[in-house]
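First up is the structure itself, then whatever we jot down about it.
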Amino acid sequence: MQTQTQKKPPVTIVLFSGELDKAMAAFVIATAAASMGMTVNIFFTFWGLNVIKKKGGLIKGQNWMQKMLNVVNYGHARKLALSKLNMMGMGPVMLKEMMSQKRVPSLDEFIKTAKTLGVRFYPCEMSMTVMGLKKEDFIDECDEIIGAVSYLSVAKDSNINLFI
Amino acid sequence: MDFTADKTLDARGLSCPMPSVKTALALEAMEEGKVLLVLTDDPVSRKDLPVWAQSTGNTLLGVEEEGATIKIFLKKG
Numbered sequence: 003m004q005t006q007t008q009k010k011p012p013v014t015i016v017l018f019s020g021e022l023d024k025a026m027a028a029f030v031i032a033t034a035a036a037s038m039g040m041t042v043n044i045f046f047t048f049w050g051l052n053v054i055k056k057k058g059g060l061i062k063g064q065n066w067m068q069k070m071l072n073v074v075n076y077g078h079a080r081k082l083a084l085s086k087l088n089m090m091g092m093g094p095v096m097l098k099e100m101m102s103q104k105r106v107p108s109l110d111e112f113i114k115t116a117k118t119l120g121v122r123f124y125p126c127e128m129s130m131t132v133m134g135l136k137k138e139d140f141i142d143e144c145d146e147i148i149g150a151v152s153y154l155s156v157a158k159d160s161n162i163n164l165f166i
Numbered sequence: 616m617d618f619t620a621d622k623t624l625d626a627r628g629l630s631c632p633m634p635s636v637k638t639a640l641a642l643e644a645m646e647e648g649k650v651l652l653v654l655t656d657d658p659v660s661r662k663d664l665p666v667w668a669q670s671t672g673n674t675l676l677g678v679e680e681e682g683a684t685i686k687i688f689l690k691k692g
């Protein structure tokens, strides 16, 4: 897009957390930065992988520990807890309602908007291996799967680096 | 202030950061020198959209208020 051809220094976000509120914060910054013409990269690692998981497929992984982890840690963009006041799942329901009243996009919509604006999504290879997750477990919006060195090669040239 | 807008973007009801996102997408589809009128009722956008314009190399022509609606005129480029 026109605004992106101006070669702004990139914004690189590590999304480590898998909670709705933290993911929202990451996506608000990502979409705002992308609207300003900055190149935006988001690295999804560890619990943050839940944000870009596809819905469904409760049992994933190769061994019993991975399978157990993935059952207990089940989640996707529409099913994430809050980092505070989760109240057994009542918190996210209330927050989503409050956000939609104020016409704040849902996380799902943020993901689509971010993609439209050219934000790049990178799942972390190591976390995926540990948890026994495969590329097909993630939404189609994801770009390539990368490791720490590739992340750092992008981060070192970014002006804004966030770890959420 | 009276500018003739080539295109109007009604961003009323939307909250941060969507007005900037929609503005970016609307301007992307427009030619250099054309004027976009953004309608918003988000108080944050009153500050944010002029900053957005400055940092993206677009021109802020003016801001008008009409009741709850804030009218922001932007020129591409």
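So the protein lines, in turn, are chains A and B.
Mapped onto this note's numbering, the consecutive letters of the first sequence carry residue numbers 3 to 166.
Mapped onto this note's numbering, the consecutive letters of the second sequence carry residue numbers 616 to 692.
Quick reminder that beta carbons are idealized off the backbone N, C-alpha and C, glycines included.
All values reported here derive from a predicted model rather than from experimental measurement.
May I ask you to report which of helix, strand or coil DSSP gives residue 684 of chain B?
Your numbering for residue 684 of chain B matches position 69 in the second sequence. It is a strand residue.
Buried or exposed: residue 7 of chain A, going by 16 or more other Cβ atoms within 10 Å of its Cβ?
The count along the first sequence starts at 1 and reaches residue 7 of chain A at position 5. Residue placement at residue 7 of chain A is poorly supported in this model, since its pLDDT is 48, which falls under 50; the coordinates still yield a value, given next. With a threshold of 16 other beta carbon atoms within 10 Å, residue 7 of chain A falls short and is exposed.
Grab me the residues of residue 630 of chain B's own chain with a C-beta within less than 8 Å of its C-beta, minus the 5 sequence neighbours each way, in chain order.
As a position in the second sequence, residue 630 of chain B is number 15, starting the count at 1. If we look at residue 630 of chain B and ignore the five residues flanking it on each side, its Cβ neighbours are 657, 659.
Can you find a CB in chain A that lies within less than 9 Å of the CB of residue 665 of chain B?
Reading the second sequence from its first residue, position 50 is the one you call residue 665 of chain B. No, because no Cβ of chain A sits closer than 9 Å to the Cβ of residue 665 of chain B.
Listed by chain order, chain A residues near residue 636 of chain B by CB distance under 8 Å
Locating residue 636 of chain B in the second sequence gives position 21, counting from the first residue. Here the neighbours are 33, 34, 36, 37, 115, 119.
Proximal chain B residues relative to residue 107 of chain A, where beta-carbon distance stays under 7 Å
For the purposes of this step, residue 107 of chain A is taken as residue 105 along the first sequence, with counting starting at 1. Ordered by position in chain B, the residues that pass the 7 Å Cβ test against residue 107 of chain A are 633.
With DSSP as the reference, identify every bridge partner of residue 625 of chain B, one or two as the case may be.
For the purposes of this step, residue 625 of chain B is taken as residue 10 along the second sequence, with counting starting at 1. Looking at the DSSP output, residue 625 of chain B bridges to B:654.
C-alpha gap between residue 96 of chain A and residue 67 of chain A, whole angstroms:
By one-based count along the first sequence, residue 96 of chain A stands at place 94. By one-based count along the first sequence, residue 67 of chain A stands at place 65. Rounded to whole angstroms, residue 96 of chain A to residue 67 of chain A spans 33 Å at the Cα level.
Grouping DSSP H, G and I as helix and E and B as strand, with all else coil, what is residue 56 of chain A?
Position 54 of the first sequence, counted from the start, is the residue given in the question as residue 56 of chain A. DSSP places residue 56 of chain A in coil when its eight states are reduced to three.
Would a C-beta distance cut-off of 9 Å place residue 139 of chain A and residue 56 of chain A closer than the cut-off?
By one-based count along the first sequence, residue 139 of chain A stands at place 137. By one-based count along the first sequence, residue 56 of chain A stands at place 54. Cβ atoms of residue 139 of chain A and residue 56 of chain A: closer than 9 Å.
So is residue 125 of chain A buried or exposed if we call it buried at 16+ other beta carbons inside 10 Å?
As a working mapping, residue 125 of chain A is identified with position 123 in the first sequence. Counting Cβ neighbours within 10 Å, residue 125 of chain A comes out buried, since at least 16 surround it.
Contacts around residue 626 of chain B, its chain only, beta-carbon distance under 8 Å, and the 5 residues preceding and following it disregarded:
Counting from one through the second sequence, the residue named residue 626 of chain B turns up at place 11. So the qualifying residues of the chain are 633, 634, 637, 638, 653, 654, 655, 657, 660.
Given residue 61 of chain A as reference, the closest of A:133, A:26, A:54 once Cα atoms are compared
The count along the first sequence starts at 1 and reaches residue 61 of chain A at position 59. Among A:133, A:26, A:54, the Cα nearest to that of residue 61 of chain A belongs to A:133.
Express the C-alpha separation of residue 150 of chain A and residue 22 of chain A in angstroms, rounding to a whole number.
Within the first sequence, residue 22 of chain A is the residue found at index 20, counting from 1. Within the first sequence, residue 150 of chain A is the residue found at index 148, counting from 1. Those two C-alpha atoms are separated by around 24 Å.
Helix, strand or coil at residue 640 of chain B according to DSSP, with G and I counted as helix
By 1-based counting over the second sequence, the position of residue 640 of chain B is 25. Correct three-state label for residue 640 of chain B: helix.
Check whether the Cβ of residue 671 of chain B lies closer than 9 Å to any Cβ atom in chain A.
By one-based count along the second sequence, residue 671 of chain B stands at place 56. Taking Cβ atoms only, chain A reaches closer than 9 Å to residue 671 of chain B, which makes this a yes.
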